[in-house]
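S.K.: Same order as they appear, the protein sequences are chains H and Z. Quick note on numbering: the working numbering labels position 263 of the first sequence as 263, and the sequence is numbered without any gaps. The number in the working numbering is simply the position in the second sequence, starting from 1, with 282 added. Beta carbons: idealized from backbone N, C-alpha and C, even for Gly. The structure follows.
Protein chains: 2
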Amino acid sequence: MNSTVPNALVDGVATGRIDVQDRGLHYGDGLFETLAVRDGRPRFWSRHMARLMAGLERLGFPVVDERQLEAEAESLIRPGQQGVLKILLTRGRAGRGYGTIKGQAPSRVLLMAPWPEGLEAKARAGVAVRMCQLRLGQNPILAGIKHLNRLEQVMARSEWETPEIDEGLLCDGGERVIEGTRANLFMVRNGTLLTPELSASGVAGVMRSVVLDLARELGAPARVKAIHRRELSEADELFLTNSLQGIVPIRHLQQQQWTDWPLTRRLQEALATTEEGTAWYP
Amino acid sequence: MNSTVPNALVDGVATGRIDVQDRGLHYGDGLFETLAVRDGRPRFWSRHMARLMAGLERLGFPVVDERQLEAEAESLIRPGQQGVLKILLTRGRAGRGYGTIKGQAPSRVLLMAPWPEGLEAKARAGVAVRMCQLRLGQNPILAGIKHLNRLEQVMARSEWETPEIDEGLLCDGGERVIEGTRANLFMVRNGTLLTPELSASGVAGVMRSVVLDLARELGAPARVKAIHRRELSEADELFLTNSLQGIVPIRHLQQQQWTDWPLTRRLQEALATTEEGTAWYP
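Spelled out as structure tokens, the structure:
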């Protein structure tokens, strides 16, 4: 560890601790972003910031200075570093009760962690996934944004322990498939790329938005729509997306299996050739 | 402030700060209890502990030593003190991702705050409440327990700023009324006490359980059932319950108003004569 570069900043101060009265702890009253840092550079920074700012607005937070976040992020990243940057904003210190204090500055937490092993292998070979029992609740006010109320994801992830299963897919109460516990889902059917509509549940991932743009550039028809879990049996290809893993083909889902993913592979190649994806994506 | 008695304990240590990697902050992965402390004694301790332990089991936490919590609570409370004790348990320090570490000891946070002003006056005169726009999501795994994912309550509470409105009532997506942002709801109709069924949304409050027991002792018929918001117009009395406020009559709800609350008053009197309610409840 380079002792001159901290791993954590709280409101700009190098510390591993936060006020025990913080509303992030008490209510999950905040948002986060998880960014791939490759060769010393946070990837898809602008898209992450756009989602973060949309989340701040949705939750009624005051505006946050993006340049301050950028400067703090830079101060945590060593030249050429591979890692994961987590940015967490909360509504600040709690008073008594749920009511908020107008204009109170959010708490800023920035954390650097090592780059996880094995992601390239998964992107090449594909992964096995399962269907989760848990059903996601529906709430349009909280859907799409990456807020700190993540107990559904924690409980869904606790449904399996077998390391062979890489991810679990989640449906809402209407049996519409929404996403994985930490990834968005895409499906290819008859040459069309489909991904679940997220107006009442789920997180609209940054890599999901990248893939939708790449599909457009490749001329592949793509639609965002409600997908019933039944429709998964009609999938010619399935893949997952998230900001660290990029695009990951699904090899097994319950009784189904796939061994080649033509459109998924084209999208992976397209991602690898973008400026943000270069030097990271296999 | 008495300098020998701290206001906050984290894992038994007098400190106002917590590990920035705590899963309570990152995911809201934990539970809390808010207890009335009157004359130096936390009220309804056993009921709070029972709910807390039920929540721990639901979320798959390891067992927590109640005597340790009790000893820590006692070390925060001065003799004869009036105040509010908040006990917050999280799943401990986060690794990477939502997966949990088997047997990891929960983090324990205990906080003492001053007793809020004005509660007695509200219990006497009644309060005005409104209907919230936000609809509570449904999730049986998280319903009933007092977990740390409270963004719905934060967002509902942000719907009004007028201080004359004391509380907002929340419905689920099926237009069933569930609870207030920080209180449970009771309704009296034709001599029967009704309170919403909470199997998919809401928090099963400690004071709610006290009131259901008091009704039984008074011989008043009481039922837990789904209540459509339409049914509120048939209410002969409405009241709120929570662990600090006890039993609070509703004076106004939108166009409706009430000026006497015979059963509510009987329940208030019954609460005041219980051992736990004595010396606190008006």
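Just reading off the alpha helix (DSSP H) that H/Ala156 is part of, what are its end residues?
M.R.: Residues 151 to 157.
S.K.: Taking the continuous alpha helix (DSSP H) assigned at Z/His308, which residues delimit it?
M.R.: Its alpha helix (DSSP H) spans residues 305 to 309.
S.K.: What does a CB cutoff of less than 7 Å around Z/Leu545 pick up in its chain, not counting 5 residues either side in sequence?
M.R.: Answer for Z/Leu545: Val470, Leu475, Ala502, Glu519, listed in chain order.
S.K.: Is there contact here, the region 141 to 151 of chain H with the region 96 to 110 of chain H, by at least three beta-carbon pairs under 8 Å?
M.R.: At 8 Å Cβ cutoff, the stretches do not touch.
S.K.: For H/Gly16, which residues of its own chain have a beta-carbon under 6 Å away from its beta-carbon, when the five flanking residues on both sides are left out?
M.R.: Ala8, listed in sequence order.
S.K.: Report yes if the C-beta of H/Gln82 is less than 7 Å from at least one heavy atom of the ligand PLP; otherwise report no.
M.R.: You won't find the ligand PLP in this model; it holds no ligand whatsoever.
S.K.: Can you give the beta carbon distance from H/Leu119 to H/Gln245, rounded, assuming they're within the 8 Å contact cut?
M.R.: Sure, about 5 Å apart at Cβ, within 8 Å.
S.K.: Let me confirm a value: H/Gln21 is counted as buried when at least 16 other C-beta atoms fall within 10 Å, else exposed. Which label applies?
M.R.: Buried, because 16 or more other Cβ atoms sit within 10 Å of the Cβ of H/Gln21.
S.K.: Could you tell me the distance, in whole angstroms, from the CA atom of H/Pro304 to the CA atom of H/Ala36?
M.R.: The question about residue 304 of chain H has no answer here: the residues shown for chain H are numbered 1 through 282.
S.K.: Using the three-state DSSP reduction, which class does Z/Glu404 fall into: helix, strand or coil?
M.R.: Note that residue 404 of chain Z is Lys in the sequence shown here, rather than Glu. Here Z/Lys404 sits in helix by DSSP.
S.K.: DSSP puts Z/Val459 in a beta bridge; with which residues?
M.R.: In DSSP, Z/Val459 forms a bridge with Z/Cys453.
S.K.: What three-state label does DSSP hand Z/Met283 in the structure shown?
M.R.: Confidence is the limiting factor: at Z/Met283 the pLDDT is only 46, short of 50, which leaves the residue's position unreliable, though a coordinate-based value still follows. Looking at Z/Met283 - three-state DSSP - the assignment turns out to be coil, as it is neither helix nor strand.
S.K.: For H/Asp65, count neighbouring C-beta atoms within 10 Å of its own C-beta (all shown protein chains included) and say buried if the count is 16 or more, exposed if not.
M.R.: The residue is exposed, with fewer than 16 neighbouring Cβ atoms inside 10 Å.
S.K.: Which residue wins for smallest C-alpha separation from Z/Ser515, given the options Z/Val506, Z/Leu535, Z/Val295, Z/Ala504?
M.R.: The shortest C-alpha separation from Z/Ser515 is found at Z/Leu535.
S.K.: Counting only Cβ-Cβ distances shorter than 7 Å, please list the residues of the region 374 to 390 of chain Z near chain H, keeping chain order.
M.R.: For the region 374 to 390 of chain Z, which is checked against every Cβ of chain H, the residues closer than 7 Å are Arg378, Gly379, Tyr380, Gly381, Thr382.
S.K.: With a CB to CB cut of under 8 Å and the five nearest residues on each side skipped, what residues in its chain are close to H/Gly83?
M.R.: The residues are Val37, Ile77, Met112, Ala113, Pro114, Trp115.
S.K.: Any beta carbon from chain H within less than 8 Å of Z/Pro274's own beta carbon?
M.R.: This structure cannot settle anything about residue 274 of chain Z, because the visible part of chain Z is limited to 283 through 564.
S.K.: Whose C-beta lies closer than 7 Å to the C-beta of Z/Met283 among residues of the same chain, with five residues either side of it excluded?
M.R.: Note that Z/Met283 scores 46 on pLDDT, short of 50, meaning its location in the model is unreliable; the coordinates nonetheless yield the value given after this. There are no such residues.
S.K.: Which residues of chain C have a Cβ atom closer than 7 Å to the Cβ of H/Gly16, listed in chain order?
M.R.: In summary, chain C is missing from the structure at hand, where the protein chains are H and Z.
S.K.: My output table needs one value for H/Ser75: the three-state DSSP class, helix, strand or coil.
M.R.: Helix at H/Ser75.
S.K.: According to DSSP, is H/Val63 helix, strand or coil?
M.R.: It is coil, neither helix nor strand.
S.K.: Could you pull out every unbroken alpha helix (DSSP H) segment of at least 4 residues lying fully inside the region 91 to 143 of chain H, listed in chain order?
M.R.: Counting whole runs of 4 or more residues, the region 91 to 143 of chain H contains the alpha helix (DSSP H) stretches 119 to 125.
S.K.: Spell out a yes or no on whether the region 435 to 450 of chain Z and the region 92 to 103 of chain H are touching, meaning 3 or more CB-CB pairs, one atom from each, closer than 8 Å.
M.R.: As far as the Cβ criterion goes, the region 435 to 450 of chain Z touches the region 92 to 103 of chain H, which means the pair count is three or higher.
S.K.: Look at Z/Asp448 and Z/Val409 and say whether their C-beta atoms are less than 8 Å apart.
M.R.: Yes; because the gap between Cβ atoms is below 8 Å, this pair is in contact.
S.K.: Could you name the residues of chain H that Z/Ile509 contacts, counting a contact when the two beta carbons are closer than 8 Å?
M.R.: The premise fails here: Z/Ile509 is roughly 20 Å from chain H at the closest Cβ pair, so nothing lies under 8 Å.
S.K.: Let me see if you follow: with CB-CB separation under 8 Å, is Z/Gly455 close to chain H or not?
M.R.: True, the Cβ-Cβ gap to chain H drops below 8 Å.
S.K.: From the beta carbon of H/Asn190, is the nearest beta carbon of chain Z less than 8 Å away?
M.R.: Not one chain Z Cβ lies under 8 Å of H/Asn190.
S.K.: Measure how close the beta-carbons of Z/Ile532 and Z/Phe521 come, nearest whole angstrom, since I'm counting them as under 8 Å.
M.R.: 6 Å between Cβ atoms; contact.
S.K.: Taking its Cβ as the centre, do 16 or more other Cβ atoms sit within 10 Å of Z/Glu434, making it buried, or is it exposed?
M.R.: Z/Glu434 should be labelled buried.
S.K.: Less than 8 Å between the beta carbons of H/Leu85 and H/Leu31, yes or no?
M.R.: The answer is no: Cβ separation not under 8 Å.
S.K.: Return the first residue and the last residue of the beta strand (DSSP E) that H/Val188 is part of.
M.R.: 184 to 189 is the extent of the beta strand (DSSP E) around H/Val188.
S.K.: Taking 8 Å as the cut-off, decide whether the C-beta atoms of H/Leu198 and H/Asp172 are in contact.
M.R.: Going by C-beta atoms, H/Leu198 is not nearer than 8 Å to H/Asp172.
S.K.: Helix, strand or coil for H/Gln82 per DSSP?
M.R.: Of the three classes helix, strand and coil, the one that applies to H/Gln82 here is coil, per DSSP.
S.K.: Under a Cβ-count criterion, where at least 16 other Cβ atoms within 10 Å of its own Cβ denotes burial, should H/Ala105 be classed as buried or exposed?
M.R.: Flag for H/Ala105 reads exposed.
S.K.: Strictly below 7 Å CB to CB, what residues from chain H border Z/Asn524?
M.R.: What Z/Asn524 touches in chain H: nothing, since even the nearest Cβ is about 11 Å away.
S.K.: Between H/Val203 and Z/Glu551, what straight-line distance do the alpha-carbon atoms span, to the nearest angstrom?
M.R.: So the alpha carbons of these two residues sit roughly 48 Å apart.
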